[in-house]
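> Dropping the structure in here first, questions after.
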Amino acid sequence: MAGKPEIFYTDSNVETEPTKSEISNRGDVNDSDQLLKLGKKPVLKRNFSFWSILSLSVTVLITWEASLVLFSQGLENGGPGGLIYTYIVIWVGNLSTFSALCEVVSMAPTAAAQYHWVYMLAPKRSRNLLSFVTGWVTAAGWQGSVASAAYLSGSLLQALAVLTTPSWVPALWRETLLSIAIMAFCMIVAVFLNFLLPKIEICILVLHITAFVGILVVLARMGEHGDAASVFTTFTNGGMWPNQGISVMVGMIGNAFAFIGADAAFHLAEEIHNPSALIPKSMIIGILLNGTLGLAMLIGVCFSLVSLKGEPQSAFPMLDVFQAVTNSVAGAAAMGSIIFSMGTCALIGLFVSASRVLWSFARDHGVPFWRTVSKVNPKSQVPVWAVSITAVITCLLTLINIGSAVALNDVLSLSISCLYASYLVVLVLLLHRRMTGAIAEPNGDEYEIFSPDRLVWGPWRMNALLGTVNNMFACCYLVFVLFFSFWPPATPVKADTMNYSCLGTGAVVIFSVVYYFALAKRQYNGPVVEV
6 MAGKPEIFYT DSNVETEPTK SEISNRGDVN DSDQLLKLGK KPVLKRNFSF
56 WSILSLSVTV LITWEASLVL FSQGLENGGP GGLIYTYIVI WVGNLSTFSA
106 LCEVVSMAPT AAAQYHWVYM LAPKRSRNLL SFVTGWVTAA GWQGSVASAA
156 YLSGSLLQAL AVLTTPSWVP ALWRETLLSI AIMAFCMIVA VFLNFLLPKI
206 EICILVLHIT AFVGILVVLA RMGEHGDAAS VFTTFTNGGM WPNQGISVMV
256 GMIGNAFAFI GADAAFHLAE EIHNPSALIP KSMIIGILLN GTLGLAMLIG
306 VCFSLVSLKG EPQSAFPMLD VFQAVTNSVA GAAAMGSIIF SMGTCALIGL
356 FVSASRVLWS FARDHGVPFW RTVSKVNPKS QVPVWAVSIT AVITCLLTLI
406 NIGSAVALND VLSLSISCLY ASYLVVLVLL LHRRMTGAIA EPNGDEYEIF
456 SPDRLVWGPW RMNALLGTVN NMFACCYLVF VLFFSFWPPA TPVKADTMNY
506 SCLGTGAVVI FSVVYYFALA KRQYNGPVVE V
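Just so you know, our numbering puts 208 at position 203 of the sequence shown, and the rest follows in order with no gaps.
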């Protein structure tokens, strides 16, 4: 069918179709046509090219840095061997998961991502409710991810202060204020320097790779090193679990968190040129690159553990390893400062993506006060309200740390369970659709309409057999990680050591269901058609 894109999905909030001149002012005409076919007006500026979105896909994850920051959990439950082997499992699982999700984003590149795709893939009777719940779960997961990153950056900055200034007295309130200050910096960049974000991300990618080489060389050339047996065949059970296998599985969650945020590019789809092709390409390359760097760094730090002559004293054991390897506080502080800087840079991308999730859900009437939250500044083309609310939510979550660090950790663990749950819902529905042959081949029509009743594959997809097998494997992987993400870190389990992420995730789901039937059912009918 040629000509003007048709209306589909819902019939609410129909607005005047933007003119061609309006579209050209906001980005490439072909990209805008693709968005129009999804029923959305292009209101965000398309700043991202392949290299800039590849840079963001890599630097949002910062896997080698995150694996160092979080490796203490795997070291206690699993040891060096468990840490490395579960890292490989998580890496392969994420590659499988996002290979499958990239097939969906290639069909429908929109900032809404998961909840939009659930609406397209779900049965007609349940698509509204499933889409709504998925939207809330995705938004909660992303808000938790931003709070997690801000909290870790603030904690690492305080750990560096303790390392370099013995008189510094660590306190939860100081940690919280540092996290809020870092969050404020990211908000300034997101609001006032959004037009520079693609160039900033490319610079961060260069720093990401350069810093990796520098720190790995230090670990390889300085300090003592263990043998292969001490790294690849040494396992620990610091959590006192009944057997080593359970201990290793519990410890792998730190590695899982190191890959959180891989879907950031999905939520910037409306700010990328040719998103159907470039998002899958950049995301797969990003996971391959990050996975390789992270594995090399984990192996390097595990070989250097023998340099430690006692139990780690820092809240971040990597700082103790750095100090032992360099035999210098200044050297350890310099290496730690690099990782802190990279964490802050990653937080910028996480923050922007989280705000786009909130904005897109508000645009589709999924949150309270959606008329305000969905507004976009006409001059900067930035959803300032969504950005500001994301910053406020992050600050409120970090304030929990003043009362209880344990409670904050439970809130932050939502980022894994909620995001993995959102991926799982999409992939289960995708598997059903592909096995029933409900997704058609494209016919080459530039204006082919994409609707829930007739799905069409995008330009990026696997062949039928490989795609189905990969889809099945990804679903199994997600269930596996979700199950162990709810486990506490050690036994015996007490009220103050319990992992309450299961309760938190359940609360998000229950709240969204109650809110849907109480209020939102009258205003949420899936993705709103704007053209």
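Backbone N, C-alpha and C define an ideal beta-carbon position, used for all residues, glycine too.
In whole angstroms, what separates the C-alpha of Val-514 from that of Glu-108?
The straight-line gap from Cα to Cα measures roughly 26 Å.
> Is the distance from the Cβ of Gly-256 to the Cβ of Gly-83 below 8 Å?
Pairing Gly-256 with Gly-83 gives a Cβ-Cβ distance under 8 Å.
> Just the Cα atoms here: how many angstroms apart are Ala-216 and Glu-229?
21 Å
> When you compare the CB positions of Val-63 and Asn-279, do they come within less than 8 Å of one another, or not?
no
> Shortest alpha-carbon distance to Leu-61 belongs to which of Trp-141, Ala-351, Pro-175, Leu-41?
Ala-351
> Would you call the CB atoms of Val-330 and Leu-224 closer than 8 Å?
yes
> Pick helix, strand or coil for Arg-459, following the three-state DSSP scheme.
strand
> Is Asn-475 helix, strand or coil by DSSP?
helix
> Taking the runs of the beta strand (DSSP E) that are 3 residues or longer, which of them lie wholly in the stretch 79–132?
none
> Would you kindly report the start and end of the unbroken alpha helix (DSSP H) that includes Trp-173?
Looking at the DSSP string, Trp-173 is not in any alpha helix (DSSP H), and its letter there is neither H nor E.
> Considering Pro-280, what are the terminal residues of the alpha helix (DSSP H) in which it resides?
280–308
> Could you tell me whether the stretch 63–80 touches the stretch 250–266, where touching means 3 or more Cβ pairs closer than 8 Å?
yes
> What number of angstroms, rounded off, separates the C-alpha of Glu-27 from the C-alpha of Glu-275?
Model confidence at Glu-27 stands at a pLDDT of 42, short of 50, so the residue's coordinates are unreliable and nothing is read from them.
> Do Ala-445 and Gly-4 count as a contact pair if the criterion is CB distance below 8 Å?
With the chain represented from 6 up to 536, any question about residue 4 goes unanswered, as that position is not in the structure.
> Mark Asn-248 as exposed unless 16 or more other C-beta atoms lie within 10 angstroms of its C-beta, in which case mark it buried.
exposed
> Short check: CB of Ser-409 to CB of Asn-504, under 8 Å?
no
> From the DSSP secondary-structure annotation, give me the bridge partner or partners of Phe-53.
Ile-277
> Can you tell me where the alpha helix (DSSP H) holding His-213 begins and where it ends?
202–226
> So Ala-339 and Phe-103 are supposed to be a Cβ contact under 8 Å. How far apart are they, rounded?
About 34 Å separates the two Cβ atoms, so there is no contact after all.
> Give me the DSSP bridge partner(s) of Ala-445.
Val-461
> Considering only their Cβ atoms, is the gap separating Gln-163 from Thr-399 smaller than 8 Å?
Taking a C-beta distance under 8 Å as the contact criterion, Thr-399 and Gln-163 do not qualify as a contact pair.
> If we call anything under 8 Å between Cβ atoms a contact, is Ala-304 one with Arg-51?
The displayed chain sequence assigns Ile, not Ala, to residue 304. Contact flag unset, no.
> Just to confirm the assignment, what range does the alpha helix (DSSP H) spanning Leu-75 have?
Unbroken run through Leu-75: none, as it is neither H nor E.
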